[in-house]
Amino acid sequence: KDLTLALKENLKAEQELGYFRSGLEMETVAECLTGMIEHLADTYLLDGSKDPSSLAKQVTDLLIHGMLVHPQHPETE
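With full-length UniProt numbering applied, the sequence shown covers 1 to 77.
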């Protein structure tokens, strides 16, 4: 719960600064992120099949850019 609380507080602060949509409930977002982090750690990091930095990069890309193709995203150029 410490991780979830820290995430929630950080996300709320960034939301207030305008980085994230105002309609998102950051407590729910924090719970989702915690679940993703725990599952990915169990699945990929504990057995060493992925290294932490490449996994973090993939997750960050997914969360920030989503799954839809955007013309401004470098991968679509």
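Yeah, the Cβ is synthetic: ideal placement off N, Cα and C, and Gly gets one too.
Keep in mind that this is a model prediction, so the values were computed, not measured.
Local conformation of residue i per DSSP, three classes
i: aspartate 42; result: helix
i: aspartate 47; result: coil
i: histidine 65; result: helix
i: glutamine 72; result: coil
i: lysine 8; result: helix
i: glutamate 77; result: Model confidence at glutamate 77 stands at a pLDDT of 49, short of 50, so the residue's coordinates are unreliable; what they give is reported in the following sentence. Coil.
i: residue 78; result: The displayed coordinates of the chain run from 1 to 77. Any statement about residue 78 would go beyond what the structure contains.
i: leucine 24; result: coil
i: glycine 35; result: helix
i: leucine 17; result: coil
Nonlocal neighbours in the same chain, by C-beta distance under 6 Å from residue i, ignoring five residues either side
i: leucine 7; result: Ala30 and Leu33
Neighbour-count burial assignment, residue i, 16 or more Cβ in a 10 Å radius
i: residue 134; result: The requested residue 134 does not occur in the structure, where the chain is confined to residues 1 to 77.
i: methionine 26; result: buried
i: leucine 11; result: buried
Neighbourhood of residue i by C-beta, 8 Å cutoff - its chain only, sequence neighbours within 5 removed
i: glutamate 14; result: Phe20
i: leucine 5; result: Ala30
i: leucine 55; result: Leu40, Tyr44 and Leu45
Sequence-distant residues of its chain with Cβ nearer than 7 Å to residue i (five each side left out)
i: aspartate 51; result: none
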